[in-house]
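Right, one structure below, let's go through it.
Residue numbers (our numbering): 1111 to 1500.
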């Protein structure tokens, strides 16, 4: 090697968050992955309070964390993978993994009722983690037999959200598991319901959580280039659907069964009670998707100010809650489109790899969350379009 040549910077280790209700098959999925002869060195962090059988029994050998903590339950598996069961300090466990070389992937299993949003936000807020790891995707495992029942659960407190619907909403990849335990008709109804909440995430049907590894690893959902490409593909799919050329089998396609601009699982939020929305309330989970398309250039400073105000102050007052959101935005005086990605109130807005059209600038945004009002978003974002000084 040339003495003047700088050493190649180690690529961040991709992290996959695996979420889903108790009994959905999360641990079975991890066992499936760890048991494969894939040639990868994979670290699995499993929350010990998940209430499911562990991947492996913990060993007595400990690993010391950066602040002197001892994690005594790390297991080295025969295929070179590592499993850790964590009770409390997930961040410390992740920092331990950052310091260990040679992992190809890290998988984190959440508890059954966990909101994956705060966990995903760690990778933006913690600089030490961000340098060594990169969030690859959120994978939600769904129990075909009981998911519909969970989605139909109504909270006594209307301000509370349906946890199952929220987990589906957060997903970059969906696994509808245990399809052998339901009829084809029940399976199709469930897929349609899931598509009403999250019409974009590719969906795998499975038995015993057996899915191709490439379907859930190496997704790159939070990479700038990949996110821009996916958003552009979504826009093309929407155009095809509008012209009557889109396929809708609900199995592995991102557009599924939805209404233009506002896919919804039902509920009694304002948009679903609007007689002009064309939607009919069915159940009480109130989680859905709003898609808006804007023609014209946006004002970057106005966009940044709106995101901060809405996410940090206004959405709670309006009774809305944005879980996931992304956008491919054409800004005034910028050659390249900006990529917006966000989880809860944490977001990134950076120039992406895609050049905006020389004529007819277009922006597309997708918001997934609770009680999101399409008319509100359209009106607000129209106000962010750039206007020449008078």
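Note that CB positions come from ideal geometry on N, CA and C, so glycine has one too. Note that this is a predicted model, so its numbers are computed, not measured.
Alpha-carbon spacing of residue i relative to residue j, whole angstroms
i	j	result
residue 1274	residue 1399	15 Å
residue 1224	residue 1129	8 Å
residue 1310	residue 1207	31 Å
residue 1139	residue 1413	40 Å
residue 1460	residue 1418	15 Å
residue 1261	residue 1467	41 Å
residue 1270	residue 1445	43 Å
residue 1409	residue 1255	48 Å
residue 1300	residue 1442	43 Å
residue 1127	residue 1203	15 Å
residue 1287	residue 1153	23 Å
residue 1159	residue 1230	Below a pLDDT of 50, predicted positions are generally treated as unreliable, and residue 1159, at 40, falls in that range; the measurement from the model is reported next regardless. Near 19 Å, if we compare the C-alpha coordinates of residue 1230 and residue 1159.
residue 1134	residue 1499	56 Å
residue 1403	residue 1486	13 Å
residue 1212	residue 1123	9 Å
residue 1482	residue 1420	12 Å
residue 1163	residue 1312	Residue placement at residue 1163 is poorly supported in this model, since its pLDDT is 39, which falls under 50; the coordinates are not used for a value here.
residue 1179	residue 1205	Caution applies to residue 1179, whose pLDDT of 44 falls short of 50 and renders its modelled position unreliable; the value that the coordinates give is listed next. So the two alpha carbons sit approximately 11 Å from each other.
residue 1457	residue 1316	33 Å
residue 1289	residue 1278	17 Å
residue 1297	residue 1307	16 Å
First through last residue of the alpha helix (DSSP H) which encompasses residue i
i	result
residue 1483	Careful: residue 1483 lies outside any alpha helix (DSSP H) and carries neither H nor E.
residue 1437	From DSSP, residue 1437 is part of no alpha helix (DSSP H) but of the beta strand (DSSP E) over 1431-1439.
residue 1302	1294-1307
residue 1144	1136-1145
residue 1428	Element bounds for residue 1428: n/a, residue is neither H nor E.
residue 1500	From DSSP, residue 1500 is part of no alpha helix (DSSP H); its letter is neither H nor E.
residue 1260	1257-1262
Beta strand (DSSP E) segment containing residue i, residue limits
i	result
residue 1224	Run containing residue 1224: none; DSSP gives neither H nor E here.
residue 1398	1397-1405
residue 1315	1313-1315
Buried or exposed (CB count within 10 angstroms, at least 16 for buried), residue i
i	result
residue 1250	buried
residue 1484	buried
residue 1226	buried
residue 1448	buried
residue 1437	buried
residue 1291	exposed
residue 1489	exposed
residue 1407	buried
Residues bridged to residue i (per DSSP)
i	result
residue 1249	1128 and 1283
residue 1467	DSSP output for residue 1467 lists no bridge partner at all.
residue 1420	Note: residue 1420 sits in no beta bridge, so no partner.
residue 1456	1453
residue 1243	1123
residue 1472	1405
residue 1461	1448
residue 1332	Answer by DSSP bridge pairing: none, since residue 1332 is not bridged.
Chain-order list of residues whose beta-carbon lies under 6 Å from that of residue i (same chain, five-residue window excluded)
i	result
residue 1331	1247 and 1282
Sequence-distant residues of the same chain with beta carbon closer than 8 Å to residue i, five excluded per side
i	result
residue 1422	1455
Residues of its chain near residue i, where Cβ-Cβ distance is below 7 Å and the 5 sequence neighbours each way are ignored
i	result
residue 1325	1283 and 1314
residue 1242	1122, 1123 and 1208
residue 1497	none
residue 1148	1323
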